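Participant:
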């Protein structure tokens, strides 16, 4: 046992940092959690379980006012023809009233089951949970933790690919909020 009388204040700080759980999680710790899982939904639900046990995370669907959010760049990344329909979902992923992430999701309905498309267009179920049966993998495209809006600690852009044939099913842009570090 360390004696604070002998070690003094510097020793106490070193002792605290040596203990697991003493330090607050960092943005890089959270990024590592995301990189270890194909589904950001699963990572956020684990945070929700810890922050508010028994609460199921929901995707609060926000209105998409412009169809011009589907740029030629997005079509190219998703490997779809210019006339291929693309679904757009703008959501706030919340644990109760606690905002964890705000995300844009561009997805290819023809690469999902009709039931999945129905869930995405009519419910508040997060994308990762709705399409989990596809056993998708996540390909990180871009990450930023600087020059972000107030309250946002990390922005990720990723491509989700279907396990059966590696076809792109979704492009996501996720803006993670400070609550994920609690």
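Residue numbers (mature numbering (1 follows the signal peptide of the UniProt record, and there is no 0)): -20 to -1, 1 to 162.
Here a beta-carbon is modelled for each residue, glycine too, at the ideal position from N, C-alpha and C.
What you are looking at is a predicted structure, and each value in this text was computed from that prediction instead of being measured.
#1: Please list the segments of the alpha helix (DSSP H) lying wholly inside the segment 86 to 144, counting only runs of 4 or more residues, in order along the chain.
#2: Between which two residues does the alpha helix (DSSP H) harbouring residue 14 extend?
#3: Please classify residue 157 as buried or exposed, where buried requires at least 16 neighbouring CB atoms within 10 angstroms.
#4: If I measure Cβ to Cβ from residue 106 and keep anything under 7 Å in the same chain, skipping five residues before and after, which residues do I get?
#5: On the criterion of 16 or more Cβ atoms from any shown chain inside 10 Å, does residue 90 qualify as buried, or is it exposed?
#6: Excluding the 5 residues preceding and the 5 following residue 41 in the sequence, name in chain order all residues of the same chain whose CB lies nearer than 7 Å to its CB.
#7: Leaving out five residues before and five after residue 23 in sequence, what residues of the same chain have Cβ atoms less than 7 Å from its Cβ?
#8: Mind reading off the beta-carbon distance from residue 123 to residue 75? Whole number of angstroms is fine, and I expect it under 8 Å.
#9: Between which two residues does the beta strand (DSSP E) containing residue 32 stretch?
#10: Taking the alpha carbon of residue 84 as the point to measure from, which residue in 150, 93 and 97 has its own alpha carbon closest?
#11: Let me know the secondary structure DSSP gives residue 45 once reduced to three states.
#12: Would residue 110 pass as a contact of residue 100 if the rule is Cβ separation under 7 Å?
#13: Pick helix, strand or coil for residue 65, following the three-state DSSP scheme.
#14: Which residues bound the alpha helix (DSSP H) around residue 58?
#15: Output the boundary residues of the beta strand (DSSP E) element that contains residue 19.
#16: Under the assumption that residue 134 contacts residue 11 (Cβ atoms under 8 Å), give the Cβ distance between them as a whole number of angstroms.
#17: If we count the other Cβ atoms within 10 Å of its Cβ and call it buried at 16 or more, is residue 61 buried or exposed?
Facilitator: From the atom records:
#1: As far as the segment 86 to 144 is concerned, its whole alpha helix (DSSP H) runs of at least 4 residues are 94 to 102 and 107 to 110.
#2: In this chain, the alpha helix (DSSP H) harbouring residue 14 covers 7 to 15.
#3: By the 10 Å Cβ count, residue 157 comes out buried.
#4: Taken in chain order, the residues that qualify are 21, 37, 39 and 73.
#5: The residue in question, residue 90, is exposed, as its Cβ has fewer than 16 Cβ neighbours within 10 Å.
#6: Non-local C-beta neighbours of residue 41 in its own chain, meaning closer than 7 Å and more than five positions away in sequence, comprise 69, 71 and 104, ordered along the chain.
#7: Answer for residue 23: 13, 14 and 17, listed in chain order.
#8: The C-beta separation of residue 123 from residue 75 comes to about 22 Å, leaving the pair out of contact by the 8 Å criterion.
#9: Membership of residue 32 in any beta strand (DSSP E) is not indicated, and neither H nor E is assigned to it by DSSP.
#10: Residue 84 has its Cα closest to that of 150, out of 150, 93 and 97.
#11: DSSP places residue 45 in the coil class of the three-state scheme, outside both helix and strand.
#12: One thing to note: residue 110 has its Cβ within 7 Å of the Cβ of residue 100.
#13: The answer is coil: DSSP assigns residue 65 none of H, G, I, E or B.
#14: Where residue 58 is concerned, the enclosing alpha helix (DSSP H) stretches over 52 to 58.
#15: Taken as a continuous stretch (DSSP letters only), residue 19 belongs to no beta strand (DSSP E), as it is neither H nor E.
#16: About 6 Å separates the two Cβ atoms, so the contact holds.
#17: Per the 10 Å Cβ criterion, exposed.
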